[in-house]
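K.L.:
Protein chains in written order, with my numbering: chain A, 1 to 565; chain B, 566 to 1130.
Each residue gets a CB set at the ideal place from its N, CA and C atoms; glycine is no exception.
The structure under discussion is supplied below as structure tokens; questions concerning it will follow.
There are 2 protein chains.
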Amino acid sequence: MRIALAQQNYRIGDINGNTNKILLAVETAKQAGAELILFSELAICGYPPRDLLEFSEFIEACEQALERVRIASNGIGIVVGAPQRNPVKEGKDLFNAAYVFDEQQLVGVAQKTCLPTYDVFDEYRYFEPAWQWSVLPFRGKKLAVTICEDIWNLGDNPLYRQCPLDQLIGQHPDIILNLSASPFDYTHLEDRKAILKQNVQKYKLPMIYCNAVGSQTEIVFDGGSLVMDAQANLIQQLPLFEESIRYVDWKADGRFAQPVLSSAAQLPNAEYSPAALEPEASIVEIHRALVVGIRDYFNKMGFQRAILGSSGGIDSAVTLAIAVEALGKENVRAVLLPSPFSSLHSVADARSLSDRLGNPYDIAPIDKVFESFLSELKPLFADRPFGLAEENMQSRIRGNFLMSIANKFGYILLNTSNKSELATGYGTLYGDMAGGLAVLGDCYKLQVYALARYINREKEIIPNSILTKAPSAELRPNQKDSDSLPDYAVLDPVLYQYIERRQGPEAIVAQGFDRAIVERVIRLVNVNEYKRNQFCPIIRVSPKAFGVGRRMPIVAHYLTEQHTS
Amino acid sequence: MRIALAQQNYRIGDINGNTNKILLAVETAKQAGAELILFSELAICGYPPRDLLEFSEFIEACEQALERVRIASNGIGIVVGAPQRNPVKEGKDLFNAAYVFDEQQLVGVAQKTCLPTYDVFDEYRYFEPAWQWSVLPFRGKKLAVTICEDIWNLGDNPLYRQCPLDQLIGQHPDIILNLSASPFDYTHLEDRKAILKQNVQKYKLPMIYCNAVGSQTEIVFDGGSLVMDAQANLIQQLPLFEESIRYVDWKADGRFAQPVLSSAAQLPNAEYSPAALEPEASIVEIHRALVVGIRDYFNKMGFQRAILGSSGGIDSAVTLAIAVEALGKENVRAVLLPSPFSSLHSVADARSLSDRLGNPYDIAPIDKVFESFLSELKPLFADRPFGLAEENMQSRIRGNFLMSIANKFGYILLNTSNKSELATGYGTLYGDMAGGLAVLGDCYKLQVYALARYINREKEIIPNSILTKAPSAELRPNQKDSDSLPDYAVLDPVLYQYIERRQGPEAIVAQGFDRAIVERVIRLVNVNEYKRNQFCPIIRVSPKAFGVGRRMPIVAHYLTEQHTS
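Here you go:
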């Protein structure tokens, strides 16, 4: 039996477009002689559909699309993810379901059991977990159809109370199918192979895992769909970050015709959960996820061109280089916005960067507008000394320049803030915090340097002087980041413990960090929640990014006496 | 038996402060001869604690606070809400629990069964639902202790699969206690009495309902704690929006010594769920919730003073009047920021408003700065005609003026956007969408007018000319809202159907609205999700506010072909 895996990139809510794409893959698979084709979780509506699921007409549109899929199943079995209404008036209205069609008949529907409701996931908001489990018959075989987290409930994972495969195994399935929408983060690639291996070894069944690909605003789905035989040997692996259709031939003896890509022994065993921040770890995949994240955001928004402020610093340099790779050099416009406090080398470095990348750039000094602001506000400010207000003012003038150009010519403004500064509130609301998409917002400063070194791996694209100078916001004379923040070599590991690993202050101090620094850093993170609450989506590359996946109170008094503006 | 209800305002995460407040009420109740005192849901840590619950040290701090409460329970029973660790390594780590102490002993713990995971609620993200139910013995009586939504699972409410009182009733409790953190919205006051009545009539038991009070950023808890006898007569009702301790005397015969405030027959029966937008409905309570929402946000942030841009329009006028009531006239600074397109009456009306309110105001024209922007950007803009970019530019200059003054003097900027313009994207990011708290962001334009009429109920505080002139952003010559948007009398009801009632386009058209308008309005709402995603917290007064309670995809293709900037 030839089985196709369709690893596709869907648009959320574009039910007709997604269904057209699904039906195209069905036709391709038919021509290739496939008897069965798998799609990913909630493929019909795109994942995550969020509160669109609360609209009855939205569910009806999904039902109509499923009818088109049913009709297309002449000669081929189709397994596709879509929401399903819960017929019982108890619990949530919907199931997260996998429909199996064959020869224009509905073979059956499997409901998801393990509903992730943590980090970016909100599935219990919409879905009722499965309460009954049946293998689905298909051409003489029995399919154990599962959805994403259904296979993550092994061993000591306490997140879910039910394990659907434990329920199904007594019905003697021949194969496990899994429809996923499993996002990238830099710990997840190894993780995923390990969890498949663990399932296959436990149940002694072959397994086909079909993942979504492409980014949905902040979440990047990385594909990498997998096929394992019952001995946990890797038989097929679809590419990362790209759409693809691939096939395996499943033989009557339960084995696959294709050669083994990696033996079970070569595959990882345990979860990869780094105890410490390793800036260089997985930087290749992070870089690729950022490129895909930008490209897909623009595609799905219907925009082609980006604009950003190029300061001569490392963050805007790395953002620019990645954006050029994602969108093409002609589609990324850099604007240099020197203020009276900008150093000469900043402008020179920013020009040199764009000269190397070949992207268009402009220089638009903000000093005259800044003077005009100071002069108009003088009656109100009187003789108060220069301070934070005047620093933020410059940053907001830049934000207005960039947004004005973006509005005039039809660009999306890329934000260049990194995770370390977002964490500590070292940025200006409506100034350097402006933008439609934050490229580096889930990368600590040390990771931004690692990205710069990776971008320069073959030649010096980002001028070395940008990598070696001391970081500065250049909003007052001789300002340095280190005036306001601990060294990044200390700051970033403390942030990592607090944010990614959710360690409290005592636990972090017990790891050997200085208590005063730990308490100061945690306080900075907490009191700046109000700024991040107004921030744009951040391309998520870590297991805990700021944004929808981290929900902290804006006004909280845990370790924080008072809010600072 | 004298029973105390402590309706208190907690600070999220301020575990020591909250516990001090709880212990103070315990002492007060002891002096008043009470034998039992009730506090609200998660009183120890404040509600909603969100991802603070994911920190082990946070839970430890709650446990230490409970130890202080236990010790204080000499001579009095205490029922208090706090998180509890789940001892079973299956399911979520925590329960949302109610602890009962008496004579320095732990009598027992009740766990919440019905975990709300919709709108602003995320309880299943953290908590495991109860799977066992026991009445708790207290001085010869049996208490059925429930938490908030535990009593909302009656009749045809399909949200929850278990009804804890159905489990408890066989154990013959003498009274139902309910610890709540139930937020205000304009449908909820009547609702709450109806649900209590329904429970009491079903189980034929008296009931004591203790709610939290005070705002937590966007959510306003309105108090209004209740006591009903077994005949569903109202015996005690604590004030709305205010802290309070009150007592009832529960007699051996199961009745209360206090007189009946309202008989069961006088109490509402059914849920109040308006089918249409009624701008005047509950405007008194909405006004009060907004006053409390501002006051408490500033209190908890540790700020005293607000600033806002006063345009001479209805939105800023109503915001200013409410802010003056919340913070005092001396603590609210209005800034008039006329541009070249501001009409004379705008400045006159804004001055007249502040003259009547008595709050300080400044006039800071933005025309010189605007000219400076235009002149500096001329090399880039060349001869492109005046358009949206120049309109937004003015709005962002105003945002920068306001934030600069706020940063210089220590104000929080109040945002004046209404729900109609937030819905349709009729506002400028980083311009009039700037601010730390949105006062009117959950009030449609028609409700803003109703608020203005209410504010003027005794005398003309808001000049009548502000109520009667046509709404305008005044960013180009002779601009009117009606150039860009349908009339509010049509727009607001369509928005209400789409947002509050989650009706799809066909359902709204079927109600008699014009199809072209419905599709245009829904498209505007969808494509402007990216703007609202960067918006500040909105004081929630409706059952569906923008913000944490409404989670729509930022890039979705349901009824929207393309994003507009």
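At the level of alpha carbons, what is the spacing between A:A389 and A:L429?
P.N.:
12 Å
K.L.:
Would you say A:I12 reaches chain B, if we count a Cβ-Cβ gap shorter than 8 Å as a contact?
P.N.:
yes
K.L.:
Give the DSSP-derived three-state secondary structure of A:A326 in the structure shown.
P.N.:
helix
K.L.:
Out of A:V291, A:Y186 and A:S372, state which residue places its alpha-carbon closest to the alpha-carbon of A:T217.
P.N.:
A:V291
K.L.:
State the start and end residues of the unbroken alpha helix (DSSP H) segment that holds A:I499.
P.N.:
It spans Y488 to I499 - the alpha helix (DSSP H) in which A:I499 sits, taken as one unbroken run.
K.L.:
Can you round the beta-carbon distance between B:A888 and B:A871 to whole angstroms, since I take them to be within the 8 Å contact cut?
P.N.:
Between B:A888 and B:A871, the beta carbon gap of about 5 Å places them in contact (Cβ cut-off 8 Å).
K.L.:
If you compare alpha carbons, which of B:L805, B:I1026, B:S919 and B:I977 is closest to B:C1101?
P.N.:
Among B:L805, B:I1026, B:S919 and B:I977, the Cα nearest to that of B:C1101 belongs to B:I977.
K.L.:
When the cut-off is 8 Å and only beta carbons count, does A:S484 lie next to chain C?
P.N.:
The structure shown has no chain C; the protein chains it does contain are A and B.
K.L.:
Tell me the DSSP secondary structure of B:K769 in three-state form.
P.N.:
coil
K.L.:
Take A:Q562 and list the residues in its own chain whose beta-carbon comes closer than 8 Å to its own, dropping the five residues that flank it on each side.
P.N.:
For A:Q562, the predicted model reports a pLDDT of 39, less than 50, meaning its position is unreliable and no value from the coordinates is stated.
K.L.:
Relative to the C-alpha of B:Y691, which candidate in B:V1013, B:T752, B:Q831 and B:L617 has its C-alpha closest?
P.N.:
B:L617
K.L.:
With a cut-off of 8 Å on the beta carbons, I'd call A:F95 and A:E128 a contact; round off their distance for me.
P.N.:
Between A:E128 and A:F95 the Cβ distance is about 6 Å, and since that is below 8 Å, they are a contact.
K.L.:
Which of the three DSSP states, helix, strand or coil, is assigned to A:N533?
P.N.:
DSSP places A:N533 in coil when its eight states are reduced to three.
K.L.:
Going by other Cβ atoms of all chains shown within 10 Å of its Cβ, with 16 needed for buried, is B:F868 buried or exposed?
P.N.:
buried
K.L.:
Classify B:G858 as helix, strand or coil using the three-state DSSP reduction.
P.N.:
helix
K.L.:
Rounded C-beta distance between B:F863 and B:L892? I'm assuming under 8 Å.
P.N.:
6 Å
K.L.:
Would you mind working out which of B:H910, B:P925 and B:R1067 sits nearest B:I1031, comparing C-alpha positions?
P.N.:
B:H910
K.L.:
Quick one: list the residues of chain A neighbouring B:R690, beta-carbon separation under 7 Å, in chain order.
P.N.:
T117 and Y118
K.L.:
Could you please tell me which residues of the region 933 to 952 of chain B, in chain order, have their CB closer than 7 Å to any CB of chain A?
P.N.:
K933, V934, S937, F938, E941, L942, L945, F946 and R949
K.L.:
By the three-class DSSP mapping on this structure, what secondary structure does B:V700 have?
P.N.:
coil
K.L.:
From which residue to which residue does the alpha helix (DSSP H) around A:Q447 run?
P.N.:
K445 to I455
K.L.:
Checking contacts by CB at 8 Å: is B:F1100 closer than that to chain A?
P.N.:
Residue-level contact check: B:F1100 touches chain A, since one or more beta carbons of chain A fall below 8 Å from its beta carbon.
K.L.:
Report the partner residues of B:S919 according to the DSSP bridge assignment.
P.N.:
Residue pairing for B:S919: DSSP places it in no beta bridge.
K.L.:
When burial is assigned at 16 or more other CB atoms within 10 Å of the CB, is B:I1087 buried or exposed?
P.N.:
buried
K.L.:
Under 8 Å, with one C-beta from each stretch per pair, do the region 535 to 552 of chain A and the region 204 to 219 of chain A reach the 3-pair mark?
P.N.:
yes
K.L.:
Compare the Cα-Cα distances from B:K654 to each of A:Y160, A:N392, A:F121 and A:A289 and report the closest residue.
P.N.:
A:Y160
K.L.:
Could you say if the region 1004 to 1024 of chain B and the region 874 to 884 of chain B meet the contact criterion of at least three C-beta pairs nearer than 8 Å?
P.N.:
yes
K.L.:
With 16 as the cutoff for other CB atoms within 10 Å, does A:V284 come out buried or exposed?
P.N.:
Label assigned to A:V284: exposed.
K.L.:
List, in chain order, every chain A residue whose beta-carbon is nearer than 9 Å to that of B:K984.
P.N.:
Neighbours of B:K984 on chain A: none; closest Cβ ~17 Å, over 9 Å.
K.L.:
If contact means a Cβ-Cβ distance below 8 Å, which residues of the region 956 to 971 of chain B contact chain A?
P.N.:
N957, M958, R961, I962, G964, N965, F966, M968, S969, I970 and A971
K.L.:
Using beta carbons (cut-off 8 Å, strictly below), is B:Y1095 in contact with chain A?
P.N.:
yes
K.L.:
What would DSSP say about A:Q562, mapped onto helix, strand or coil?
P.N.:
Low local confidence applies: a pLDDT of 39 at A:Q562 is under 50, so the model's placement there is unreliable, with the coordinate-based value given in what follows. It is coil, neither helix nor strand.
K.L.:
Do A:E41 and A:A181 have their C-beta atoms within less than 8 Å of each other?
P.N.:
yes
K.L.:
Just to confirm my understanding: we take B:K706, look at its own chain, exclude 5 residues before and 5 after, and list those with CB closer than 7 Å. What are they?
P.N.:
Exclusion of the five residues before and after B:K706 leaves D739 and I740 as the residues of its chain whose Cβ lies within less than 7 Å of its Cβ.
K.L.:
What does the Cβ neighbour count give for A:F386, buried or exposed, with the cut at 16 atoms within 10 Å?
P.N.:
exposed
K.L.:
Taking the Cβ atom as the reference point for each residue, do A:D432 and A:S395 lie within a distance shorter than 8 Å?
P.N.:
Contact: yes.
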